[in-house]
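Structure first, then comments.
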Amino acid sequence: MALWLLIGVGTGVLSAWRRGRPTERLLTGLTLASTATPVFVIGLILMIVVCGQLELLPFPHYVPFADDPEQWAWNLLLPWLSLALVESAKYARLTRASMLETLAEEHVRTFRAYGVGERSIIGRHALRGAVAPLIALTATDFGSMFGGAVLTETLFGLPGLGQELVEAVKAVDLAVVVGMVLVTGFFVVIANAVADVLYAVADRRVVLI
Numbered sequence: 001m002a003l004w005l006l007i008g009v010g011t012g013v014l015s016a017w018r019r020g021r022p023t024e025r026l027l028t029g030l031t032l033a034s035t036a037t038p039v040f041v042i043g044l045i046l047m048i049v050v051c052g053q054l055e056l057l058p059f060p061h062y063v064p065f066a067d068d069p070e071q072w073a074w075n076l077l078l079p080w081l082s083l084a085l086v087e088s089a090k091y092a093r094l095t096r097a098s099m100l101e102t103l104a105e106e107h108v109r110t111f112r113a114y115g116v117g118e119r120s121i122i123g124r125h126a127l128r129g130a131v132a133p134l135i136a137l138t139a140t141d142f143g144s145m146f147g148g149a150v151l152t153e154t155l156f157g158l159p160g161l162g163q164e165l166v167e168a169v170k171a172v173d174l175a176v177v178v179g180m181v182l183v184t185g186f187f188v189v190i191a192n193a194v195a196d197v198l199y200a201v202a203d204r205r206v207v208l209i
């Protein structure tokens, strides 16, 4: 999640900063393409290009951490990157929209009239306005992250909660399915509760009841 936050927020900030220029159009196009592409398609493309054409990495196959920590880490790189490229698009779009909304506000125009630099406006004011929506999206992303992990784990042959859920459904093991759904729901509820607190901290206009 840290990787797609970094990619998404960075792309959104750059897109808002270079608004109306070719850089913004390029980043917006890439973001829309990433949003419309399923995670397993991204994973297949990465395997074909990185492992097949460029031969930068071997085709991923799961190696337990206890057997070979380095190989274990390398085999997680492509699944991690696949999820990050898909999920970061949402953060890029939200960051860009929130920042453009903040940049259009009257107090920002006042800062510009007083000669405040564009970088300072972007970093200290526009980005701050995008923090609260990003907190809410991050909390709700826990559920979609689990769904994306099912496809990613299946594609790359990784053992995990997603793969375990698929096997439980195939075996009609209702106890495991219900247990995993409850655990996932529990963490989603906790994440949303934490997000509510952070949202109130980021935006003083919000009051927790």
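Sequential numbering from 1 applies to the sequence shown in UniProt numbering.
Cβ coordinates follow ideal geometry from the N, Cα and C atoms, glycine included.
These numbers were taken from a predicted model, which means no experiment stands behind them.
Taking the C-alpha atoms as reference points, what is the distance between residue i and residue j?
i           : j      : result
ALA191      : GLY20  : 36 Å
residue 221 : LYS170 : Residue 221 lies beyond the range of the chain shown here (1 to 209); nothing can be said about it.
LEU56       : PHE142 : 31 Å
GLY179      : ALA92  : 34 Å
PRO79       : SER88  : 14 Å
PHE187      : ARG112 : 43 Å
TRP74       : GLN53  : 18 Å
LEU182      : ALA139 : 17 Å
VAL108      : HIS125 : 8 Å
GLU27       : LEU94  : Per the sequence presented here, residue 27 reads as Leu, with Glu not at that position. C-alpha separation (whole angstroms): 13 Å.
HIS61       : TRP4   : 23 Å
ASP67       : ASP173 : 30 Å
ALA149      : LEU137 : 17 Å
Mind checking residue i: buried by the 16 CB within 10 Å criterion, or exposed?
i           : result
PRO38       : exposed
LEU6        : exposed
VAL86       : buried
residue 214 : No answer is possible for residue 214: it lies beyond the span of the chain, which begins at 1 and ends at 209.
ARG96       : buried
SER120      : exposed
ILE42       : buried
THR110      : exposed
VAL194      : exposed
LEU156      : Looking at the sequence provided, one finds Phe at residue 156 rather than Leu. Buried, by the Cβ-count rule.
ALA36       : exposed
GLY29       : exposed
Quick check on DSSP: helix, strand or coil for residue i?
i      : result
ARG21  : coil
THR37  : coil
GLY10  : helix
GLY129 : helix
PRO69  : helix
ASP141 : helix
Out of the options, which one is the CA nearest neighbour of residue i?
i           : options                       : result
LYS90       : ALA175, GLY12, LYS170         : GLY12
GLU153      : VAL201, THR35, LEU198, LEU76  : LEU76
VAL197      : LEU46, THR102, GLU105, ILE135 : ILE135
ARG128      : GLU101, THR23, CYS51          : GLU101
ALA2        : LEU161, LEU81, GLY157         : LEU81
LEU32       : VAL50, SER15, LEU103          : SER15
residue 215 : GLU164, VAL49, MET99, CYS51   : The structure shown does not extend to residue 215, since the chain spans only 1 to 209, so no value can be given for it.
TRP17       : ALA175, GLY123, ALA132        : GLY123
GLU118      : GLY160, ALA130, LEU103        : LEU103
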